[in-house]
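Taking this note's numbering, the leading residue of the first sequence gets 1348, the next gets one more, and so forth. Glycine included, every Cβ here is placed at the ideal spot set by N, Cα and C. Scroll down for the structure; my scribbles are underneath it.
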Amino acid sequence: MPEPASSAPTPAGEGALPKTYDPAGTEARWQAAWEAAGAFHPDPSAAGEPFAVVIPPPNVTGSLHMGHAFNTALIDTIVRFQRLQGKNVLCLPGTDHASIAVQTILEKQIKAEGASKEDLGRDAFFERAWAWKAHSGGTIVGQLRRLGYSVDWKRERFTLDPGLNKSVVEAFLRLHEQGLIYRGEYLVNWCPASGSAVSDLEVEMKEVEGSLWHLRYPLTPLEDGPTGATGATGTAGAPAAAPAPDHPNDHPIDHPVDHSIDHLVVATTRPETMLGDTGVAVNPSDPRYAHLVGRSISLPLVGRQIPIVADPHVDPAFGTGCVKVTPAHDANDFAIGQRHGLPQITVMAKDGSMNAAAGRFAGLDRFEARQAVVAAMEAEGLLVKVEPHRHSVPYSDRGKVPVEPLLSTQWFVRTEPLAARCRTALDNPAGAEPRFVPERWSKVYRDWLTDIRDWCISRQLWWGHRIPAWFVVSETGGVITEATPYVVARDEAEAWAKAEAQFGTAGQAAGQAAGAVGLAAAQPLQLEQDPDVLDTWFSSGLWPFSTLGWPDSGAADLAKWYPTNVLVTGFDIIFFWVARMTMLAGALLHEADPNRTGPDHLDPAHPAAAAPERPVGDRDSWIPFRDVYIHGLVRDENNRKMSKSAGNGIDPLLLIERYGADALRFALVREVAGAGQDIRLDYDRKTDTSATVEAARNFANKLFNATRFALMNLGGETPASLGEPLLAELESEDRYILSRLVRTSSQCAELYGSYRLGEAAKLLYEFAWNDLCDHYIEWAKPRLFGDDPAARTTARRVLARSLEALLVMLHPLMPHLSEDLWHAVSGAEATEFLALQRWPQPDQQWLDPSHESAFQFGIDAVRAIRNLRALSAVKPSEKLPIGIHTPTAARQAFVVANQGKIARLVGASELHWEAEPTAGQLLGIVDSDAQVGLTVPQQSLDALRERLQKDLVKSEKEIAGLAGRLANPNFAGKAPAEVVAECQANLAEAQAQAELLRGRLGELG
RNA sequence: GCCCGAUUAGCUCAGCGGUAGAGCGCCUGCCUUACAAGCAGGAUGUCGCUGGUUCGAAACCGGCAUCGGGCACCA
1348 MPEPASSAPT PAGEGALPKT YDPAGTEARW QAAWEAAGAF HPDPSAAGEP FAVVIPPPNV
1408 TGSLHMGHAF NTALIDTIVR FQRLQGKNVL CLPGTDHASI AVQTILEKQI KAEGASKEDL
1468 GRDAFFERAW AWKAHSGGTI VGQLRRLGYS VDWKRERFTL DPGLNKSVVE AFLRLHEQGL
1528 IYRGEYLVNW CPASGSAVSD LEVEMKEVEG SLWHLRYPLT PLEDGPTGAT GATGTAGAPA
1588 AAPAPDHPND HPIDHPVDHS IDHLVVATTR PETMLGDTGV AVNPSDPRYA HLVGRSISLP
1648 LVGRQIPIVA DPHVDPAFGT GCVKVTPAHD ANDFAIGQRH GLPQITVMAK DGSMNAAAGR
1708 FAGLDRFEAR QAVVAAMEAE GLLVKVEPHR HSVPYSDRGK VPVEPLLSTQ WFVRTEPLAA
1768 RCRTALDNPA GAEPRFVPER WSKVYRDWLT DIRDWCISRQ LWWGHRIPAW FVVSETGGVI
1828 TEATPYVVAR DEAEAWAKAE AQFGTAGQAA GQAAGAVGLA AAQPLQLEQD PDVLDTWFSS
1888 GLWPFSTLGW PDSGAADLAK WYPTNVLVTG FDIIFFWVAR MTMLAGALLH EADPNRTGPD
1948 HLDPAHPAAA APERPVGDRD SWIPFRDVYI HGLVRDENNR KMSKSAGNGI DPLLLIERYG
2008 ADALRFALVR EVAGAGQDIR LDYDRKTDTS ATVEAARNFA NKLFNATRFA LMNLGGETPA
2068 SLGEPLLAEL ESEDRYILSR LVRTSSQCAE LYGSYRLGEA AKLLYEFAWN DLCDHYIEWA
2128 KPRLFGDDPA ARTTARRVLA RSLEALLVML HPLMPHLSED LWHAVSGAEA TEFLALQRWP
2188 QPDQQWLDPS HESAFQFGID AVRAIRNLRA LSAVKPSEKL PIGIHTPTAA RQAFVVANQG
2248 KIARLVGASE LHWEAEPTAG QLLGIVDSDA QVGLTVPQQS LDALRERLQK DLVKSEKEIA
2308 GLAGRLANPN FAGKAPAEVV AECQANLAEA QAQAELLRGR LGELG
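Structure follows, in structure tokens:
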């Protein structure tokens, strides 16, 4: 016995064995053993087809929930299966720094201490952040280990570690060089709570009950109206001036031009933004207002003269058909403003309060300002009405407050060229890249890549990758503005070099070095690194290659394992993550060329360079993963998505402690049969129990006991020492289980390989519980318990083979249990691992459906007898004479050959067989060709009669259906011949059975 | 508004052209020396509704209903 298996089954004779499996000790032991042996630390130069998965790095925001356990169970099942296929498997773990989420947590903590991050300063803040990372990351890694994740911990990465920072900087630099990153002032989603810009994806629309305020905007009288004011909108006048004469419908006759209009009414959900209005827009084809286009409005409360412009965006049917235009605070207005050259006036500060441009409202919070503006308008008699209005408001995912569209200078990734490349890959005629499983998600992915908007990647945060751009602040008076020139560089030294080359005057380098030495240069060069950091998803987007060593293309891991084989993740991050990875890979690895010069050249001396890896020239092989397996979410007992924020998450460790990691894993995977569908976990919060996981735990225990039984009956032998079963010596149940084994091993491999993991789990469950335990072992017991050495050896061989193969196949799903039991059964050294064995290759000769069906008759006959016994009043323990009646020679032979086994299984004092039943027996029907009979006192026949009646009704119903079908000439004419034949056979069978049933009923009276 | 799922036994879900399955639960009986976390036997469904295609539909197509999700969004 291997030492690690202290609580594992031990061969008979070593004293009392536990009757139940105790997962806790076993799981911890094997996790330690695997890791100590480096079992999952692959060598890129080793042989074997590469198979790589990078795990979705969990955020270091606390601990993992059931969704992570689910993802882990799926990935680990896949990679363990591939390892059993003999591939050189890398499964790379890591965690994500989650800028905004972690910073939010930390700031909350700091605030609770009565301070701010500015009070602490960057250095002290980072100390806290890294301490937090160590704590949370440690918890997470501990949880992943506890699940038995077969990842390579030596390659564990963190998105903010130095290696990944190098990738991030390099990626930024190259994208910038390619013109795919730009900086500029645009309207961005501003989260006042976190004080940062966020991307479109981090904004969630929420329906709220708001109000629609109708405000009166007086027209500036013509004589006062500085006609020059309309000059800026000159372009707008042209299309709006006269409705096209060839579109008479555009000019309804019941809208006579009203020259008495002296004001317009606009409707808004955000009255406070009126302070920043720079125009009012109407639809160009709206006859009510066409004549006013070009006139001016005197903006109330502010007094600014703003033009009336004509813009097709305005829906004449909504409200009054007049829209106030606030280009600096609304995306649509921004676009209108651009089209008409309207100024952009920002009236809010970055903390969500009103700024100086808001005049007397300055300093008020945006929501206070809303009330104040409404009150002021009302006081001036300009509030026409207020209507309740249900509408969507953009909320910040993290900050949980409405985002403010705000003009701000930020960095952006130009996404369209990247998205176009991804769309092309998806349209690859040789097969979509990546291939989504289930396929329907590719549509979601494509839709998002179509009409994509640029990606704002800068964040006004501290925790994250600092943007590798240095501003030449000496060019703009020592401050950073939108106009400040900058250089993008790998580090500060390179930044200085670049800046000098572009802007340099002699001496600034010395100035930098010496600091205090003031040179007489009129304008010494001053550099200042951008204080902002990058969106976390920018670094996550590099994950499949940054973790493998990119941009160092001499990296052996990159050469061996890129592109990875499959990405396994939830549908909720297809946009955030999957699409970002493919887009960034497209920009950074698309041109991958082994001959390129510079730091990326592949050193021909490196072993990876010579290894015959997958062809680099493969079309679109830059796509970082061949398959994307999208799984559902874990929902709670009330069908709600489990999440931290909803507070309904379940710590997987609770269930692991109660049932074991293998049980939890098996339960999660078994539930996933319909790939991509959400799974519901029936978790009882009061008792911390789950029937689903409990069932899996019971399955684990069943396997444990089956192995215990085997060990007690293999006489200390192992599959290897016993040798292969010999075909000539096999008995019915041997033929049955071996044939089932051949089919199960190939079906199961097919299911695992095509990500139908739930089906694989169910298949193995049935094979183990039904075929092996219920049927094989029970039928083989007489030989195993008997004293015929030859027969016993054959049964031992078959049992040992089948059980060992089962444990291998089960290993991806229940790694610890299978590893433990495999050691016990195989007698393998403690230094050997099931995890590194090969998928079973049972002898194809064993496959024999005719033997399977022959044995199935035995199963059916036993069941029929047991059923009959249950109906009779005979005590279960009482042995009695039993007969099996069948005219078929093969079946008679089967009964003869298995007489003792069957007698044992049905509690027969004597088992006889005859073609026809003898009189005086209580008879049960197996099928039209076989009956079973008990010799019992004629009592309690009512139950039997009832049963037979029921069967007869069923039979007759079947006959009616089948006969009806066959009577239809179209059926006989059009259905395939084999279907018709089958139908006829079924009918004959049903008729024969009905005949027997009637006979029995007749006898019973 | 656009797109996508789901609707099958009491519950959770498979099945996706040949006439309905599993697990749990339920009923009955068993401490049968691997396992009561077990064994044996059993019951349970007009497969959401409605048209159509087909010899044949739970499955394929159209419509409807209910539930859920995603995207977009007019002040």
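Exercise for review: Could you check which residue in I2249, K2297, V2327 and Q1429 has the C-alpha nearest to that of A2310?
Suggested key: Checking every option, the nearest Cα to that of A2310 belongs to V2327.
Practice item. Express the C-alpha separation of E2199 and L2348 in angstroms, rounding to a whole number. Key: Whole-angstrom Cα-Cα distance: 32 Å.
Practice item. Identify the continuous alpha helix (DSSP H) that holds S2237 and give its terminal residues. Key: Residue 2237 is actually Ala in this sequence, not Ser. Counted as a single uninterrupted DSSP element, the alpha helix (DSSP H) harbouring A2237 occupies residues A2236 to A2244.
Review point. Buried or exposed: which applies to F1714, given that a residue is buried once 16 or more other Cβ atoms fall within 10 Å of its Cβ?
Key: F1714 comes out exposed.
**Study point:** Of the residues V1613, G1650, V1661 and R1617, the one placed nearest P1631, counting alpha carbons only
**Key:** Looking only at V1613, G1650, V1661 and R1617, the smallest Cα-Cα distance to P1631 is reached by V1661.
Review point. Is V2040 closer than 8 Å to L2011 when the C-beta atoms are compared?
Key: Taking 8 Å as the Cβ cut-off, L2011 and V2040 qualify as a contacting pair.
Exercise for review: Please state whether DSSP places T1367 in a helix, a strand or coil.
Suggested key: Here T1367 sits in coil by DSSP.
**Study point:** Cβ contact (3+ pairs, closer than 8 Å) linking the segment 1785 to 1796 and the segment 1916 to 1924
**Key:** Proximity of the segment 1785 to 1796 to the segment 1916 to 1924 meets the contact definition, three or more beta-carbon pairs being nearer than 8 Å.
Check your understanding: Do A1471 and L1559 have their C-beta atoms within less than 8 Å of each other?
Key -> No.
Review point. Between L2343 and A2208, what straight-line distance do the alpha-carbon atoms span, to the nearest angstrom?
Key: The alpha-carbon of L2343 is positioned some 16 Å away from that of A2208.
Review point. Between the segment 1550 to 1566 and the segment 1728 to 1736, are three or more C-beta pairs nearer than 8 Å?
Key: Contact holds: three or more Cβ-Cβ distances are below 8 Å.
Exercise for review: Return the CA-CA distance between L2111 and P1749, expressed in angstroms with no decimal places.
Suggested key: Computed Cα separation, rounded: 51 Å.
Exercise for review: Using beta-carbon positions only, say whether V1640 and I1655 come within less than 8 Å of one another.
Suggested key: Their beta carbons are under 8 Å apart, which means V1640 touches I1655 by this criterion.
Check your understanding: Start and end of the beta strand (DSSP E) containing V2145?
Key -> Where V2145 is concerned, there is no enclosing beta strand (DSSP E), although the alpha helix (DSSP H) it sits in stretches over P2136 to L2157.
Check your understanding: By the 10 Å Cβ neighbour count, where 16 or more other Cβ atoms means buried, how is D1609 classified, buried or exposed?
Key -> Exposed is the call here.
Exercise for review: Name the residue from M1695, R2087, L2088 and V1401 whose alpha carbon lies nearest to the alpha carbon of R1502.
Suggested key: With distances taken between Cα atoms, R1502 lies closest to V1401.
Practice item. Look at W1381 and D2167 and say whether their C-beta atoms are less than 8 Å apart. Key: No, the Cβ-Cβ distance between W1381 and D2167 is not below 8 Å.
Check your understanding: Does the distance from the C-beta atom of L2085 to that of T2140 stay below 8 Å?
Key -> Contact annotation: L2085 and T2140 have beta-carbon atoms that are not nearer than 8 Å.
Point to revise | Own chain residues within Cβ distance below 6 Å of H1937, not counting five before or after | key: Excluding sequence positions up to five before and after H1937, its CB lies within less than 6 Å of the CB of W1969, all in the same chain and listed in chain order.
**Study point:** Cα-Cα separation, F1918 to P1404
**Key:** Those two C-alpha atoms are separated by around 15 Å.
**Study point:** Separation of N1679 from R1686, as counted between CA atoms
**Key:** Each residue's CA atom was taken as its position, placing R1686 and N1679 some 11 Å apart.
Point to revise | 3 or more residues per run - each beta strand (DSSP E) lying fully within the segment 1755 to 1804 | key: Entirely contained in the segment 1755 to 1804, the beta strand (DSSP E) runs reaching 3 residues are, in chain order, 1782 to 1784.
Review point. First and last residue of the beta strand (DSSP E) that includes P1654?
Key: If you look at P1654, you'll find it in the beta strand (DSSP E) that goes Q1652 to A1657.
Practice item. Please check the pair T1823 and A1830, which I expect to be a contact at CB under 8 Å, by giving their CB distance rounded to whole angstroms. Key: Rounded to whole angstroms, the Cβ separation of T1823 and A1830 is 6 Å, and the two are in contact under 8 Å.
Review point. If we call anything under 8 Å between Cβ atoms a contact, is E1532 one with L1754?
Key: Going by C-beta atoms, E1532 is nearer than 8 Å to L1754.
Review point. Which same chain residues, not among the five before or five after V1449, have their C-beta less than 7 Å away from its C-beta?
Key: The beta carbon of V1449 is closer than 7 Å to those of V1407, T1408, A1476, W1479 and W1810 in its chain, skipping five residues each way along the sequence.
Exercise for review: Decide if the segment 1430 to 1444 is in contact with the segment 1463 to 1470; the criterion is three or more beta carbon pairs, one per stretch, under 8 Å apart.
Suggested key: Because the criterion of three Cβ pairs below 8 Å is not met, the segment 1430 to 1444 and the segment 1463 to 1470 do not touch.
**Study point:** Residues near R2130 in its chain [Cβ-Cβ closer than 6 Å; skip 5 each side]
**Key:** Excluding its 5 nearest sequence neighbours in each direction, R2130 has C-beta neighbours in its own chain below 6 Å: A2138, R2139 and A2142, listed in chain order.
Check your understanding: Between the segment 2189 to 2203 and the segment 2081 to 2099, are three or more C-beta pairs nearer than 8 Å?
Key -> When C-beta atoms of the segment 2189 to 2203 are compared with those of the segment 2081 to 2099, three or more pairs fall below 8 Å, so the two segments count as touching.
**Study point:** Cutoff 6 Å; reference G1746; Cβ partners in own chain excluding five residues on either side
**Key:** So the qualifying residues of the chain are C1538, A1540 and S1541.
Check your understanding: Does DSSP put T2036 in a helix, a strand or coil?
Key -> When DSSP states are grouped into helix, strand and coil, T2036 belongs to the strand group.
Point to revise | Where the beta strand (DSSP E) containing R1530 begins and where it ends | key: Per DSSP, R1530 belongs to the beta strand (DSSP E) from I1528 to C1538.
Check your understanding: Measuring CA to CA, which of N1536, G1706, E1763 and R1651 is closest to D1744?
Key -> D1744 has its Cα closest to that of N1536, out of N1536, G1706, E1763 and R1651.
Check your understanding: What's the gap between the Cα of A1772 and the Cα of L1905?
Key -> Roughly 21 Å between the two C-alpha positions.
Exercise for review: Take every Cβ of the segment 1992 to 2008, pair it with every Cβ of the segment 2087 to 2096, and state whether three or more of those distances are shorter than 8 Å.
Suggested key: A contact is defined here as three or more CB-CB pairs under 8 Å, and the segment 1992 to 2008 fails this definition with respect to the segment 2087 to 2096.
Practice item. Give the range of the alpha helix (DSSP H) segment to which I1422 is assigned. Key: Run containing I1422: M1413 to L1431, per the alpha helix (DSSP H) assignment.
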